[in-house]
Every structure is written in structure tokens, then in C-alpha cells.
Amino acid sequence: MPISLRISGLSKVYNSSVVIDNCSYTFQAGSVYAVMGPNGCGKSTLLRICSLLESPTSGSISYYAGDNELAYDMRLRRMMTLLLPDIGIFNTTVLKNVEYGLKIRGLSRKSIYDASCEALELVGLTHKMSQNALLLSSGQKRRLGIARALVIKPRLLMLDEPTSAIDVENTEIVESAILRIKQERSSTIILSTHERTQADRLADKVVFVENKRLSQDGF
Ligand SMILES: Nc1ncnc2c1ncn2[C@@H]1O[C@H](COP(=O)(O)OP(=O)(O)OP(=O)(O)O)[C@@H](O)[C@H]1O
Ligand SMILES: [Mg+2]
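Residues in the sequence shown are numbered from 0 upward in steps of one, following numbering that gives the first Met the number 0.
Dropping the structure here:
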């Protein structure tokens with residue numbers, strides 16, 4: 000079941016400079032949101048706060064499964080993942096990079112292997128699975144990042160500029176993987192992008208971060 004999250008009166012201040020000012024917004028379960036706005040407006044900051052990697056200066060953020068509010072515990076943290084543009088690749092095979100997220104979640108060997116192969120297939124990296132991941136091209140590394148994020152079947156998936164600085168072919172593979180998850184409606188997805196056309200292709204709703212505030216653009 001996908002998670003919904005509600006941010007209430009959220010503010011973030013860095014060194015007395017206000018980045019996000021008293022924002023409230025609800026991300027509904029199973030929907031796809033594209034967060035847009037100029038460089039430095041606070042998109043990555045918002046994603047880090049929503050993924051519990053950073054605390055807001057004030058305000059709150061609540062997570063729900065249906066009507067049940069979820070406690071801030073390891074279980075909740077393991078239901079969500081934030082994929083950053085510069086993902087940390089482990090110095091081992093592509094397959095082991097994908098399997099890692101499931102190993103720490105204590106699944107059986109066979110289900111770890113099967114789920115990892117499926118995730119690699121989805122991003123077109125099956126033929127690279129035995130290769131050292133550090134040798135992948137930057138576009139392939141991005142796809143590996145998507146596979147690592149997807150394999151854990153997150154109920155809240157956050158992607159910070161998932162296709163920045165990669166070519167059209169890699170972008171299409173990443174976008175189609177995102178659209179596959181969207182189809183299943185098993186995850187709530189929040190991604191940031193600078194491309195309006197990408198936002199329109201992928202998202203149900205576009206959220207703008209501008210002048211420290213959030214606003215929604217319906218279409
Ligand atoms: N850890 C930090 N300490 C101090 N300032 C920070 C920190 N993180 C972000 N900032 C500042 O907060 C503002 C928002 O940064 P953020 O990275 O969230 O923007 P962004 O919208 O993701 O930009 P971009 O489109 O360039 O990725 C910027 O002015 C940035 O310098
Ligand atoms: Mg950013």
C-alpha cells in the first residue's frame with residue numbers, strides 16, 4: 000500500500016536564510032508528483048526532509064498508510080527511498096549492488112536474486128549484471144540507481160532529478176521504469192525535474208517551489 004504524506008507549516012532555514020517558509024501540502028498515496036522550480040529554490044531540501052534525512056526548522060511531516068499515521072521508526076524508513084543524482088555505487092558487481100537493499104531487509108536468497116534480476120531487466124542492465132558497477136557509464140549508473148530503488152518496492156519513492164545529465168536513450172529507459180511503477184500504483188512517487196515536458200509525461204500533479212512557497216499546477 001502506498002504512503003501518503005502531509006507536511007504542515009514546514010519551514011527550513013540554513014544559516015539564517017529561509018529556503019522554505021511555512022508550507023503545507025499533502026502528497027496523496029499512489030500519485031506521482033513532479034517538483035519543479037529554479038536552481039536553489041529548495042527542491043532537494045524538500046526531498047531530503049520528506050525522506051527523513053534532514054529535519055525541518057519548524058513544522059511537521061506526517062506519513063499515513065490509509066488512515067493510520069505511521070511512527071518515525073525503522074519500518075517507516077525502510078518503506079521509503081530517496082534516489083540522488085550522484086548515487087553511491089558499491090565496488091562490486093551490478094547484481095550485488097541491487098541485491099544489497101534486500102539483503103539488509105532479510106529476504107531469502109532466492110527471492111533476493113529473483114527480485115534483483117527483475118529490477119535489472121526493467122532498466123535494461125541484465126547483460127551487465129556480473130560486471131563491476133564502477134565500470135558502468137554515467138547513464139547506466141543512473142539506471143542502476145533506479146533498479147536499486149525499485150527492488151525494495153518502496154511505498155514512497157523520491158527521485159532527485161533522475162535524468163539530469165544523461166542522454167535521450169537513458170532518459171527514456173528511466174522514464175519508462177518510473178511509468179511502470181506509476182501503473183502499479185504501489186508507490187507514491189515524488190521526483191524533481193527541470194523539464195516541464197518530463198513532468199507532464201510522468202506526473203499526475205506538478206508542484207512548484209518558488210519564493211519559499213509550494214504551489215500546485217493542475218492539468
Ligand atoms: N546543508 C546546507 N547548508 C546550507 N545551505 C544549504 C544546505 N543545503 C541547501 N542549502 C541552500 O538551500 C537552498 C536550496 O538548495 P537546494 O539544493 O534544495 O535547491 P534545489 O532546488 O534542489 O536546486 P537545484 O535545482 O540546483 O538542484 C540553496 O540556497 C542552497 O545553497
Ligand atoms: Mg537539487
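Idealized CB from N, CA, C, for every residue including glycine.
With a contact defined as Cβ atoms closer than 8 angstroms, A33 and P1 miss out at about 17 angstroms. Between C116 and G123, the alpha-carbon positions lie close to 10 angstroms from each other. The shortest C-alpha to C-alpha distance from L4 to any of A132, I48, R108 is the one to I48. T56 has its Cβ no nearer than 7 angstroms to any heavy atom of ligand 1.
The Cβ-Cβ distance between L101 and I151 falls below 8 angstroms. At the C-beta level, S59 and T187 stay beyond 8 angstroms of one another. In terms of side-chain proximity, the C-beta atom of S137 is found no nearer than 7 angstroms to any non-hydrogen atom of ligand 2. In the three-state reduction of the DSSP assignment, K42 falls in the helix class, which pools H, G and I. Annotation for A114: the continuous alpha helix (DSSP H) segment containing it runs 108 to 121.
For S191 against L46, the beta-carbon gap comes to about 6 angstroms, under 8 angstroms, which counts as contact. The beta-bridge partner set that DSSP reports for T25 consists of R5. Annotation: Q130 is outside any alpha helix (DSSP H) and is labelled neither H nor E by DSSP.
Counting only runs of 4+ residues, the alpha helix (DSSP H) found wholly inside the stretch 127 to 178 occupies 137 to 150, in chain order. In the structure shown, T196 adopts helical secondary structure according to DSSP, grouped into three states. The three-state reading of DSSP puts I103 in coil, since its state is none of H, G, I, E or B. Within the same chain, Cβ atoms closer than 6 angstroms to the Cβ of E98 are found at I111, S115, the five residues on either side in sequence being excluded.
Around the beta carbon of D113, fewer than 16 other beta carbons lie within 10 angstroms, which makes this residue exposed.
Residue list for ligand 2: K42, S43, D159, E160, S191 (CB closer than 7 angstroms to any heavy atom, chain order). For M78, there is no enclosing alpha helix (DSSP H), as DSSP marks it with neither H nor E. At a Cβ-Cβ threshold of 8 angstroms, V173 and A132 do not count as neighbours.
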